[in-house]
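Okay, so the sequence shown: first residue is 2 according to our numbering, each after it adds one. What follows is a short report on a single structure.
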Amino acid sequence: MKVKKRLAKQRERRAFRVRNHIRSVRPRLSVFRSNAHMYAQIIDDSSGRTLASASTLDKDVAGAGGNGGNRDAAARVGRLIAERAAERGIKYVVFDRGMYKYHGRVASLAAAAREGGLQF
2 MKVKKRLAKQ RERRAFRVRN HIRSVRPRLS VFRSNAHMYA QIIDDSSGRT LASASTLDKD
62 VAGAGGNGGN RDAAARVGRL IAERAAERGI KYVVFDRGMY KYHGRVASLA AAAREGGLQF
């Protein structure tokens, strides 16, 4: 039990450190990664509202088939979140990777969002 608590505390500290560093007036592109799926949200911290969201569970992404927990699926989520942000007139965001390293699926999602027109 001690190991689980220690790891959870490390994750919380890492996420806090990242979020503390990126405080801005821009909306925040937050990423959550599970073993099976990827989720992305654009959040306005001043009002506490989610402006746009996308995940591998969305019909647009899941309909493409394949695994929801790989880099290709993360890239599809990145393109979809950029498209939904453009519909709402959002061009500039700050990237919140949370407790995850900027590597693999997280980096793939970020690259696809940049290609889709988001700037961060």
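Note that the Cβ used here is the ideal one computed from N, Cα and C, for glycine as well.
Residue i in three-state terms, based on DSSP
i	result
residue 47	coil
residue 31	strand
residue 39	strand
residue 121	coil
residue 54	strand
Segment limits, alpha helix (DSSP H) that includes residue i
i	result
residue 115	106-116
residue 78	72-88
residue 17	3-22
residue 62	60-63
Distance CB(residue i)-CB(residue j) smaller than 8 angstroms
i	j	result
residue 106	residue 75	yes
residue 79	residue 52	no
Cβ distance (whole Å) where residue i is taken to contact residue j below 8 angstroms
i	j	result
residue 97	residue 31	4 angstroms
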